[in-house]
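Q: Residues in the sequence shown are numbered consecutively from 149, following my numbering.
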Amino acid sequence: MELGFIGTGALTAAIVTGLKSLADNPVSILLSPRNEDIAASLASRYPDVRIASDNQAVLDNSETIMLAVRPQIAHDVLSALRFRRDHRLISLIATLSLKDIESLTVPAGHVTKALPMPMIAHRLGATIIYPPDQGAGALFGRLGKVIEVADAGEFDALSVATATYASYFKYLETIHSWLTRHGVGEGIARDYIASLFKALGAAPETSPDADFRHLAQDYATRGGINEQVLRELTAHNMFEAFAESLDGIHRRITGDTK
Ligand SMILES: NC(=O)c1ccc[n+]([C@@H]2O[C@H](COP(=O)([O-])OP(=O)(O)OC[C@H]3O[C@@H](n4cnc5c(N)ncnc54)[C@H](OP(=O)(O)O)[C@@H]3O)[C@@H](O)[C@H]2O)c1
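#1: In whole angstroms, what separates the C-alpha of residue 252 from that of residue 222?
#2: How about residue 372: is its C-beta nearer than 9 Å to some C-beta of chain D?
#3: Determine, using beta-carbon pairs with one atom in the stretch 154–162 and one in the stretch 177–192, whether at least three such pairs fall under 8 Å.
#4: Which runs of the alpha helix (DSSP H) spanning at least 4 residues fall entirely within the stretch 194–241, listed in chain order?
#5: From residue 291 to residue 226, what distance separates their C-alpha atoms?
#6: Indicate, with yes or no, if ligand 2 has a heavy atom lying under 8 Å from the CB of residue 385.
#7: Taking DSSP as the reference, what is the three-state secondary structure of residue 152?
#8: Looking at residue 152 and ligand 1, is the gap between the Cβ and the nearest heavy atom below 8 Å?
#9: For residue 213, verify whether its CB is less than 8 Å away from any heavy atom of ligand 1.
#10: So, at 8 Å on beta carbons, what are the nonlocal neighbours of residue 275 in its own chain, with the 5 sequence-adjacent residues on each side left out?
#11: Measuring only the C-alpha atoms, how far is residue 417 from residue 212?
#12: Could you compute how far the alpha carbon of residue 368 sits from the alpha carbon of residue 375?
#13: Put residue 90 into one of helix, strand or coil per three-state DSSP.
#14: Taking residue 178 as the reference, which of 272, 194, 357, 353 has the closest Cα?
#15: Check residue 377 in the structure and name its three-state DSSP category.
#16: Can you give me the C-alpha to C-alpha distance between residue 258 and residue 236, rounded to a whole angstrom?
#17: Do residue 204 and residue 167 have their beta-carbon atoms positioned less than 9 Å apart in this structure?
#18: Using only the heavy atoms of ligand 1, determine whether one of them is closer than 8 Å to the beta carbon of residue 155.
#19: With a Cβ-Cβ cutoff of 9 Å, do residue 242 and residue 401 count as a contact?
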């Protein structure tokens with residue numbers, strides 16, 4: 149039996165690339181034919197990655213299947229398929245609840261939600277899993293950190309954090325364009341920012357007893373330049389606006405339209 153994927157897009161490509169970068173990864177992979185170019189590229193790179201004739205053929209030849217289509221089409225795609233009771237489904241569809249997926253995939257007996265990040269292609273980052281599942285945990289555990297939660301609300305809240313990547317890069321881009329406007333070469337600015345934020349990213353591990361509030365305080369020397377930027381951004385309500393945006397994503401993920 150192969151590991152099947154319904155939806156061969158950016159995330160599927162990242163997972164397959166991560167899996168195939170393992171020295172001892174015997175798993176054979178069966179992809180749905182869309183996206184045609186991505187599926188063809190993966191199948192040409194790895195001998196044990198095949199493209200099925202259609203979505204149903206993925207189900208018919210796999211026991212564990214990752215559901216990786218966009219939420220907007222998930223209902224139409226999944227309701228057209230015939231699932232089996234012994235299917236083990238791992239839904240990567242961020243905004244569809246476990247109940248939604250279960251009702252669209254009857255009689256499949258086992259559904260788990262997983263939320264990896266694109267860096268899984270390089271076996272970096274973390275995947276959140278709900279509810280805890282040995283198979284999904286073992287699979288994603290080979291590709292980075294795994295955080296399993298037994299509570300749907302906790303999973304939804306953790307999912308909100310995955311909406312912050314683009315803003316993070318915009319933050320870095322703001323620093324980068326400021327530096328280049330002030331005479332720093334593009335490459336030097338990029339290298340410097342990448343090194344700074346890699347080191348800052350390591351701070352929670354190197355200072356395991358410090359929470360994020362304390363790390364912010366530690367780096368904001370009284371009367372210093374970090375304190376000034378933090379104070380000015382706080383005065384502009386930047387962090388409040390950010391938290392409000394997270395609230396909006398949470399409402400979207402949980403379907404709370406109030
Ligand atoms: N990207 C991420 O970092 C990320 C992280 C966590 C969760 N997710 C979730 O993972 C899912 C996939 O995301 P993605 O970024 O990989 O999206 P994506 O790049 O748009 O990939 C989805 C793929 O589904 C294909 N597709 C369209 N209609 C189909 C059909 N009828 N049957 C089978 N496949 C079909 C599309 O092919 P065409 O190009 O031919 O239309 C597309 O390549 C989404 O639900 C998203 O919420 C993504």
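Don't be surprised by glycine CBs; every beta carbon is placed ideally from N, CA and C.
A: Concretely, from the data shown:
#1: Looking at the two C-alpha atoms, the distance is approximately 9 Å.
#2: In the structure shown, chain D cannot be found, because there is only a single protein chain.
#3: The stretch 154–162, when compared against the stretch 177–192, does touch it at the 8 Å Cβ threshold.
#4: Scanning the stretch 194–241 for uninterrupted alpha helix (DSSP H) segments of 4 residues or longer gives 203–208, 219–227, listed from N- to C-terminal end.
#5: Using only the alpha carbons, I get a separation of about 27 Å.
#6: Looking at this structure, you won't find ligand 2 anywhere; what it does contain is ligand 1.
#7: Residue 152 falls in the strand class under three-state DSSP.
#8: Checking every heavy atom of ligand 1 against the Cβ of residue 152, none is found closer than 8 Å.
#9: Between ligand 1 and residue 213, a heavy atom-to-CB distance of less than 8 Å is absent.
#10: So the list reads 262, 263, 264, 265, 268, 288, 291, 292, 293, 294, 295, once near-sequence residues are dropped.
#11: With the chain represented from 149 up to 406, any question about residue 417 goes unanswered, as that position is not in the structure.
#12: Whole-angstrom Cα-Cα distance: 4 Å.
#13: Residue 90 is absent from the structure shown; the chain starts at 149 and stops at 406.
#14: Nearest option by C-alpha distance: 194.
#15: Collapsing the DSSP output to three states places residue 377 in a helix.
#16: So the two alpha carbons sit approximately 5 Å from each other.
#17: Taking 9 Å as the Cβ cut-off, residue 167 and residue 204 do not qualify as a contacting pair.
#18: Residue 155: yes, Cβ under 8 Å from ligand 1.
#19: Yes, the pair counts as a contact, with Cβ atoms nearer than the cut-off.
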